[in-house]
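Taking it in order: structure first as structure tokens, then the write-up.
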């Protein structure tokens, strides 16, 4: 889906000796979209040790709720705030009712559970909104094409790049510069010790899960004007998000950014030269990384013990 | 597996005939399964529908048995079993379509290919454990799924391969539902018996030991990697075998067969049935396919209910239907024993007594 869109855009432009700037920008916007989704997945794993197989479903829920809220409010900005907030609430509810009882069991059970949650969410989406894709036009202010000096490029994709960079910066500041961020970083290393300091780790876990799936939902809303919303969007993105976090290192936000840049660029530029075979290439990269460096490029080896 | 490795206790039990003779309800189940086609043809108008239902249970049952060997007995959660199931189905279809082999000629060729596939993927994937193993098996399976979509010259791409011809064997048409019914029933039964032997053998003890505590087994001087790999390859070949039977009742193959949703189906059947018991996952398969058959006509989103049931089992009853049956049967028997001598008419009193062990001692 995504790849064919990217390919359509690139084949239209002029072939030069160097890497086509459109391909680079496509890769960059793809990368920042992937970062939004993968950072939440990575944070949830880093702190809680939960591999969230429902992450793609929360992304899809975000996209659908975005379209829904947009239908009411006629405002993309409102949709961009409200939908992720609602998804975060669903996430908090999910964590506190279903995942929390499983922390003292084998981590495999969390995988099983979130897999079950993904099926429930996917089917609920189909039940409420039907199986055929819905689309949300790019908001008027972001429609059309921007002149970037050396190239004219769709404004909405420029927005994705800027917005994604802003989110990355915000997330970095939140984790590095706030008190909650310190607790999260400490909890990633040793949650028992944090608990011993008198901090309610359980609540931090719940909040983190809400934040993580909320980020996925932001990705869903941002993606919907570009790609539309359709029932299988969640499973498609989940595999790519795994690819990103495995490459960057599960548990590391910087890793998620690096992984997203590599995968996004590979998709953008790869689509230009080897068309849809880029999908195959990505899986080969993923397997190779898992075998050579399972904790990813920026992860630390301890995390692989999870 | 090596016959010589089977311990005395299993080898001596006199085999399946003696077991059926000593257990009337097991004999009953076998009798019902053998008589099923005759019952449905005389009792139902739409007999073909119910035969197809049973065939589906048997075929997926074989795949689920192999999944249970991996997940239930060896303790390895794989998200890539569709690689083998889809591989078997596509293997047969491609051999027939591209290389003009008949169904029976293709069978051994595909089995060998599945063995090699299991070996290659297993050696790589088993470098990792836990959730990383789940992710790398998922990556392998999705790679295969992507290959199927891309190489449409051989695989038919998104459309899959249609009209796979299944020739008659010894005068029997394998596509005749009643023949397919007995062929798949026999195959499923054979795999069940074989895996029961395997899991009761020393090999089976070792893989269950790995599931419980791999370090400990390693300390005993056992090369656990070789055991896990053997289990992986065996499960892969059996899972692929199930896939090879698939074209018998659905004469086309398409990419969803090799997608991870298929693995998800197998996982749900295994867990809902009760992993690590073999018979439990078979029940789970029956339950799953029955619910699908009944509900998919009523509501398009029947999987929603399946997802809810699955989550409830993970949370409250991870031992599945098998655990429920075993647990319920033993508690029911225990309750019966405590209630019969009391003989009280007051039901509420009875309940209180059960809750209060001290009062029970007065009896």
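Protein chains in written order, with the working numbering: chain A, 2 to 307; chain B, 550 to 912.
Just so it is clear, CB atoms sit at the ideal spot from N, CA and C, and this is done for glycine as well.
{"Item": "Close Cβ partners of residue 283/A (< 7 Å) along its chain, the five nearest in sequence each way excluded", "Value": "244, 264, 267"}
{"Item": "Contacts that residue 650/B makes with chain A (C-beta to C-beta distance below 7 Å)", "Value": "Here the premise fails: no neighbours, minimum Cβ distance about 27 Å."}
{"Item": "Completely contained alpha helix (DSSP H) runs for the stretch 208 to 263 of chain A, where each covers 4 or more residues", "Value": "234 to 249"}
{"Item": "Partner residues on chain B for residue 99/A, Cβ-Cβ distance less than 7 Å", "Value": "860, 864"}
{"Item": "Span of the alpha helix (DSSP H) around residue 843/B", "Value": "828 to 845"}
{"Item": "Beta carbon proximity, residue 222/A to chain B, threshold 7 Å", "Value": "no"}
{"Item": "Segment limits, alpha helix (DSSP H) that includes residue 747/B", "Value": "726 to 749"}
{"Item": "Selected residue, minimal CA-CA separation from residue 57/A, among 48/A, 37/A, 76/A, 72/A", "Value": "37/A"}
{"Item": "Residues of its chain near residue 512/B, where Cβ-Cβ distance is below 8 Å and the 5 sequence neighbours each way are ignored", "Value": "Chain B is shown only over 550 to 912; residue 512/B falls outside these bounds and no answer can be derived."}
{"Item": "Endpoints, beta strand (DSSP E) assigned at residue 711/B", "Value": "Here residue 711/B belongs to no beta strand (DSSP E), and DSSP marks it neither H nor E."}
{"Item": "Check whether residue 222/A and residue 67/A have beta carbons under 7 Å apart", "Value": "yes"}
{"Item": "Any alpha helix (DSSP H) of 4 or more consecutive residues that is wholly inside the stretch 98 to 127 of chain A", "Value": "none"}
{"Item": "Member of 119/A, 78/A, 28/A whose CA lies at the smallest distance from the CA of residue 857/B", "Value": "119/A"}
{"Item": "C-alpha distance - residue 97/A paired with residue 209/A, whole-angstrom precision", "Value": "12 Å"}
{"Item": "Chain-ordered chain A contacts of residue 695/B [CB-CB under 8 Å]", "Value": "280, 281, 284"}
{"Item": "C-alpha distance - residue 278/A paired with residue 714/B, whole-angstrom precision", "Value": "31 Å"}
{"Item": "Distance, residue 739/B Cα to residue 565/B Cα", "Value": "11 Å"}
{"Item": "Beta-carbon neighbours of residue 264/A, restricted to chain B and to distances below 8 Å", "Value": "Under the 8 Å cutoff, chain B gives no residues; its nearest Cβ is about 13 Å from residue 264/A."}
{"Item": "Identity of the residues DSSP links to residue 85/A by a beta bridge", "Value": "Per DSSP, none; premise fails for residue 85/A."}
{"Item": "Near the ligand NAD: residue 212/A beta-carbon under 6 Å from a heavy atom", "Value": "In the structure on display, the ligand NAD does not appear, and there are no ligands present to speak of."}
{"Item": "Residue 124/A beta carbon less than 7 Å from that of residue 850/B", "Value": "yes"}
{"Item": "Residue 616/B, DSSP secondary structure in three states", "Value": "helix"}
{"Item": "Validate contact between the stretch 630 to 641 of chain B and the stretch 802 to 812 of chain B using beta carbons, cut 8 Å, 3 pairs", "Value": "yes"}
{"Item": "Status (buried if at least 16 other CB within 10 Å, exposed otherwise) for residue 784/B", "Value": "buried"}
{"Item": "Classification of residue 53/A by the beta-carbon crowding that lies within 10 angstroms, buried from 16 upward", "Value": "buried"}
{"Item": "Where residue 801/B sits in the DSSP three-state scheme", "Value": "coil"}
{"Item": "Length of the line joining the Cα atoms of residue 800/B and residue 692/B", "Value": "24 Å"}
{"Item": "Residues of the stretch 669 to 684 of chain B with Cβ closer than 7 Å to any Cβ of chain A, in chain order", "Value": "673, 676, 677, 679, 680, 681, 683, 684"}
{"Item": "Chain A residues whose Cβ lies nearer than 7 Å to that of residue 852/B", "Value": "120, 124"}
{"Item": "Residue-level contact to chain B via CB, residue 219/A, 7 Å cutoff", "Value": "no"}
{"Item": "Supposed contact pair residue 22/A and residue 151/A - C-beta distance, whole angstroms, cut 8 Å", "Value": "6 Å"}
{"Item": "Three-pair Cβ contact test at 8 Å for the stretch 661 to 676 of chain B versus the stretch 776 to 792 of chain B", "Value": "yes"}
{"Item": "Residues in the stretch 174 to 194 of chain A having any Cβ partner in chain B nearer than 9 Å", "Value": "none"}
{"Item": "Cβ neighbour criterion (16 or more within 10 Å) applied to residue 721/B", "Value": "exposed"}
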